[in-house]
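Read the structure below first, then the notes.
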Amino acid sequence: MAASSKRKKNPTRVSGNPAKRASGDPAQRPVIEAGPVTVGDWIGAARLRTLPLAVAPVVIGTGAARSTGPEFHWVIALACLAVAVLLQIGVNFANDYSDGIRGTDAVRVGPARLTASGRVKPRTVLIAALVFFALAAAVGVAIVIRTEQWWMLAIGAACIIAAWFYTGGKRPYGYNALGEVFVFIFFGLVATLGTTWVQVFVLPQQAWLGAVAAGLFACAVLLANNLRDIDQDRVVGKRTLTVLIGKRATQVLFTLFVLVPFGILAFIALLYPIAWIGLLALLAGLPAILIVWTYRQAKELVIALALTSLTALLYSGAFFWALAF
1 MAASSKRKKN PTRVSGNPAK RASGDPAQRP VIEAGPVTVG DWIGAARLRT LPLAVAPVVI
61 GTGAARSTGP EFHWVIALAC LAVAVLLQIG VNFANDYSDG IRGTDAVRVG PARLTASGRV
121 KPRTVLIAAL VFFALAAAVG VAIVIRTEQW WMLAIGAACI IAAWFYTGGK RPYGYNALGE
181 VFVFIFFGLV ATLGTTWVQV FVLPQQAWLG AVAAGLFACA VLLANNLRDI DQDRVVGKRT
241 LTVLIGKRAT QVLFTLFVLV PFGILAFIAL LYPIAWIGLL ALLAGLPAIL IVWTYRQAKE
301 LVIALALTSL TALLYSGAFF WALAF
């Protein structure tokens, strides 16, 4: 009875050698005692703390659009927001599925994933990812029809392909130190500039500067995530940029990625003085940097990740306020 009671307190227990689990040999896969999946588990798998990274470039891009004159469209801006959020959730479920079937999520510091825990069939998680990709695509097509920017269908397709192959496919680029490059491109440049373009059909300097800032924040969050998982990633052969350059270089790079956007903000403030209010976002950014440099346990980096996402959101709000009003 005592043993049974302990198992109930730990509904998801994983055992076995992590290196063997990564091999894909069914005989070496983890032994899992699973409890029933809950709505909270699905919400956790959606990784809501990453959603500010989807919101921030749309807010920045809309602010840049508004700075060009009174002609811009709230409905299209909201549609862009829907595309970004739906795509982000789709990415998160796709990562859950791909990492889970590879065994790279079997031992992790953060919350247990649906696929790796064994409580949800991989196919079910894959279907969830595809549903969110389809919803994002549907809204994106509506934007293209409304704006008649047909060439953007190719951009949308590229976004979904990049989302899948981050951890999916035979040679995922997220496993080969290219995650930050693609995150900067798609969560920074594409998301921000695309939002501005479909509203006003021009790309002012403010949009480009804001896109760089949004991309750097997204890269900083990815670095914090990969720093948290650096030991596990080394064991399972996941070659992230953090694994390649090591802890100290990652800490330096993270610091630069968080602080450089504020240098951009200072430049923007020369023309839009109210942008200085964006420095308040450092109230979240500086503690994140401090944690990254002083953490003792990997789980502390979960807080740094959340604070960095909050920094991006606060920054984007100040950016929008400065340029739109």
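When we follow UniProt numbering, the leftmost residue of the sequence shown carries the number 1, and every step to the right adds one. We treat Cβ as the ideally placed atom computed from N, Cα and C, and that holds for glycine.
Where residue i falls, given that 16 or more other Cβ within 10 Å makes a residue buried
| i | result |
| --- | --- |
| Gly69 | exposed |
| Trp150 | exposed |
| Leu314 | buried |
| Lys238 | buried |
| Glu148 | exposed |
| Ala27 | Per-residue confidence for Ala27 stands at a pLDDT of 37, beneath the threshold of 50, marking its modelled position as unreliable; no derived number is given. |
| Pro36 | exposed |
| Ala281 | buried |
| Arg207 | Going by the sequence as given, residue 207 is Ala instead of Arg. Buried. |
| Arg66 | buried |
| Asp25 | Note on Asp25: pLDDT 44, under 50, position unreliable in the model; no value is reported. |
| Ile43 | exposed |
| Gly156 | buried |
Cut-off 6 Å between Cβ atoms - residues of its own chain near residue i, not counting five sequence neighbours on either side
| i | result |
| --- | --- |
| Leu126 | Tyr97 |
| Asn95 | Thr167 |
| Phe132 | Leu86, Ile89 and Gly90 |
| Met152 | Val144 |
| Ile101 | Pro122 |
| Trp74 | none |
Option in the options with minimal Cα separation from residue i
| i | options | result |
| --- | --- | --- |
| Gly317 | Ile274, Leu48 and Val302 | Ile274 |
| Leu193 | Leu307, Trp276 and Ala64 | Ala64 |
| Arg113 | Ala46, Lys299 and Gly90 | Ala46 |
| Thr38 | Ser117, Cys80, Val59 and Thr308 | Ser117 |
| Gly52 | Phe254, Phe262, Pro261 and Ala218 | Note that residue 52 corresponds to Pro in the displayed sequence, not to Gly. Considering only alpha carbons, the answer is Ala218. |
| Pro57 | Val190, Phe257 and Ile277 | Val190 |
| Gly140 | Phe93, Phe262 and Val83 | Val83 |
| Gly246 | Arg234, Ser309 and Phe257 | Arg234 |
| Val212 | Leu310, Ala288 and Gly263 | Gly263 |
| Val258 | Glu71, Val75 and Leu305 | Leu305 |
| Phe320 | Gly278, Phe165 and Ala284 | Gly278 |
| Val202 | Asp41, Val59 and Glu71 | Glu71 |
| Asp41 | His73, Ile76 and Phe93 | Phe93 |
| Arg146 | Thr115, Phe165 and Ala77 | Ala77 |
| Trp164 | Ala154, Leu130, Thr124 and Phe267 | Leu130 |
Neighbourhood of residue i by C-beta distance below 8 Å, restricted to the same chain and skipping five residues each side
| i | result |
| --- | --- |
| Ser23 | At Ser23 the pLDDT is 42, less than 50, meaning the model places this residue with poor confidence; the figure from the coordinates comes in the next sentence. Result list for Ser23: Gly103, in chain order. |
CA-to-CA distance, residue j to residue i, given in whole angstroms
| i | j | result |
| --- | --- | --- |
| Val221 | Leu241 | 13 Å |
| Phe325 | Leu216 | 25 Å |
| Leu265 | Ala54 | 19 Å |
| Ala138 | Pro204 | 28 Å |
| Leu135 | Ile143 | 13 Å |
| Gly174 | Thr62 | 29 Å |
| Gly188 | Val260 | 14 Å |
| Thr250 | Ala79 | 35 Å |
| Thr115 | Val243 | 24 Å |
| Glu33 | Ala288 | Annotation note: pLDDT 42 at Glu33 (below 50); position unreliable, coordinate value reported separately. For Glu33 and Ala288, the distance between alpha carbons rounds to 35 Å. |
| Gly169 | Asp99 | 11 Å |
| Leu256 | Ala214 | 13 Å |
| residue 328 | Tyr295 | Here the chain has residues from 1 to 325 only, and residue 328 is not among them. |
| Gln232 | Leu286 | 27 Å |
Neighbourhood of residue i by C-beta distance below 7 Å, restricted to the same chain and skipping five residues each side
| i | result |
| --- | --- |
| Ile303 | Ile291 |
| Ala224 | Phe254, Val292, Leu301, Ala304, Leu305 and Thr308 |
| Ala162 | Phe182 and Phe186 |
| Cys159 | Leu87, Phe186 and Val190 |
| Ala284 | Leu307, Leu310, Thr311 and Leu314 |
| Ala128 | Phe93 |
Closer than 8 Å: residue i CB and nearest the ligand PLP heavy atom
| i | result |
| --- | --- |
| Gly100 | By its list of ligands, the structure shown contains no ligand whatsoever, and the ligand PLP lies outside what it can speak to. |
Inset, instruction - State whether the stretch 176 to 186 contacts the stretch 197 to 209, with contact taken as three or more CB pairs (one from each stretch) at a distance under 8 Å. - result: No: the two stretches stay apart, fewer than three of their Cβ pairs being nearer than 8 Å.
Legend entry - contact_flag[the stretch 290 to 308, the stretch 227 to 243] where n(CB pairs < 8 Å) is 3 or more: With the rule of 3 Cβ pairs closer than 8 Å, the stretch 290 to 308 counts as touching the stretch 227 to 243.
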